[in-house]
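>
Residue numbers (the numbering used here), protein chains in the order written: chain S, 4 to 119; chain D, 79 to 192.
#1: Under the assumption that residue 95 (chain S) contacts residue 9 (chain S) (Cβ atoms under 8 Å), give the Cβ distance between them as a whole number of angstroms.
#2: I think residue 50 (chain S) touches residue 59 (chain S), with their Cβ atoms under 8 Å apart; what is that distance to the nearest whole Å?
#3: Roughly how many whole angstroms lie between the Cα atoms of residue 25 (chain S) and residue 12 (chain S)?
#4: At a CB-CB cut-off below 9 Å, which residues of chain D make contact with residue 88 (chain S)?
#5: Which term fits residue 146 (chain D), buried or exposed, when burial requires 16 or more other beta carbons within 10 angstroms of its beta carbon?
#6: I'd like the span of the beta strand (DSSP E) that includes residue 25 (chain S), first residue to last.
#7: So, is the C-beta of residue 180 (chain D) closer than 7 Å to a C-beta in chain S?
#8: Short check: CB of residue 188 (chain D) to CB of residue 88 (chain D), under 7 Å?
#9: Can you pull the chain D residues whose beta carbon is under 7 Å from the beta carbon of residue 58 (chain S), in chain order?
#10: How is the beta strand (DSSP E) around residue 188 (chain D) delimited, first residue to last?
#11: Can you tell me the Cα-Cα spacing of residue 74 (chain S) and residue 102 (chain D), whole angstroms?
#12: Near residue 95 (chain D), which residues of its chain fall below 7 Å by C-beta distance, leaving aside the five closest residues on each side in sequence?
#13: Can you pull the DSSP bridge partners for residue 33 (chain S)?
#14: Is the shortest distance between the beta-carbon of residue 6 (chain S) and the beta-carbons of chain D less than 7 Å?
#15: Can you tell me the Cβ-Cβ gap for residue 179 (chain D) and residue 173 (chain D), rounded? I've got them flagged as a contact below 8 Å.
#16: If I measure Cβ to Cβ from residue 31 (chain S) and keep anything under 7 Å in the same chain, skipping five residues before and after, which residues do I get?
#17: Given a threshold of 16 other Cβ atoms within 10 Å of its Cβ, counted over all protein chains shown, does residue 167 (chain S) qualify as buried or as exposed?
#18: At a CB-CB cut-off below 8 Å, which residues of chain D make contact with residue 110 (chain S)?
#19: Within 10 angstroms of its Cβ, does residue 23 (chain S) collect 16 or more other Cβ (buried), or is it exposed?
#20: For residue 165 (chain D), which of helix, strand or coil comes out of DSSP?
#21: Using a cut-off of 7 Å between C-beta atoms, extract the partners of residue 46 (chain S) located in chain D.
#22: Could you round the C-beta distance between residue 136 (chain D) and residue 125 (chain D) to whole angstroms and report it? I think they count as a contact, below 8 Å.
#23: What residues in the stretch 106–119 of chain D bring their beta carbon closer than 9 Å to a beta carbon of chain S?
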């Protein structure tokens, strides 16, 4: 059974700092990996999607990398801002051949606080 | 597009009551799913659908029923609510379950069962 772990569970940094969030998964046979942002009391917003054949994806100040063989992904946030404060979740999707379709297995998230 | 919408936003039920959580999407997505989010357990898949008329169980299906009569709607039914079903429920959709599209989530329904 696939398990996804995110470390640390919580992180507090001063504004302007570059930071890295970690995601690890036990089964390297994944189809893709997705990073989400969740604000308190809100739904999930997709940030980046990395296919299993890709090494990284970038969107603005965000960069996500994927090392499938070692079961790891990192989300790099450059020049952090107070508006980045949220919980960041990673989720992996199993290979196409599985009948479970597009089900995602989520980590529990990293709660990020960026202090002004 | 409104994206994925969910109603209600909040609901309080008594044990044994029934209710339906509504989910709709206006993006003509084939794939829809329901997750519940609980502290310490993350998001877990309840049921999913790969198209109208087709549904299947996820990781935690007990106590929940679903149906998919149209592409747009995917309601989640609690037939006899239990305190263990207190949670935040999210509906998600994506264009096609066989391909690499990202999933889009609704804003969630916060359910309390007393």
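Even for Gly, the Cβ is constructed at its ideal location relative to N, Cα and C.
This is what the structure holds:
#1: Residue 95 (chain S) to residue 9 (chain S), Cβ: 12 Å. No contact.
#2: About 13 Å separates the beta carbon of residue 50 (chain S) from that of residue 59 (chain S), a gap too long to meet the 8 Å contact definition.
#3: In a straight line, the C-alpha of residue 25 (chain S) is about 10 Å away from that of residue 12 (chain S).
#4: Taking a Cβ-Cβ threshold of 9 Å, none of the residues of chain D is close to residue 88 (chain S); the smallest such distance is about 19 Å.
#5: Residue 146 (chain D) is buried by the Cβ-count criterion.
#6: Start and end: 22–28.
#7: Yes, its Cβ sits closer than 7 Å to a Cβ of chain S.
#8: Cβ atoms of residue 188 (chain D) and residue 88 (chain D): closer than 7 Å.
#9: One finds nothing in chain D with a Cβ atom closer than 7 Å to the Cβ of residue 58 (chain S); even the nearest lies about 16 Å away.
#10: It spans 187–191 - the beta strand (DSSP E) in which residue 188 (chain D) sits, taken as one unbroken run.
#11: Cα to Cα, residue 74 (chain S) sits roughly 34 Å from residue 102 (chain D).
#12: The residues are 159.
#13: For residue 33 (chain S), DSSP assigns no beta-bridge partner whatsoever.
#14: So, not an interface residue.
#15: Residue 179 (chain D) to residue 173 (chain D), Cβ: 5 Å. Contact.
#16: Taking C-beta separations shorter than 7 Å and ignoring five residues to either side along the sequence, the partners of residue 31 (chain S) in its chain run 71, 72 and 74, following chain order.
#17: Any property of residue 167 (chain S) remains undetermined from this structure, which presents chain S solely from 4 to 119.
#18: Chain D residues near residue 110 (chain S): 120.
#19: Its Cβ having fewer than 16 others within 10 Å, residue 23 (chain S) is exposed.
#20: DSSP places residue 165 (chain D) in strand when its eight states are reduced to three.
#21: Neighbours of residue 46 (chain S) in chain D, taken as residues at a C-beta separation under 7 Å, are given in chain order as 168, 183, 184, 185 and 186.
#22: Indeed, because the Cβ distance is near 6 Å, the residues count as touching under 8 Å.
#23: The residues in question are 109, 111, 113, 115, 117, 118 and 119.
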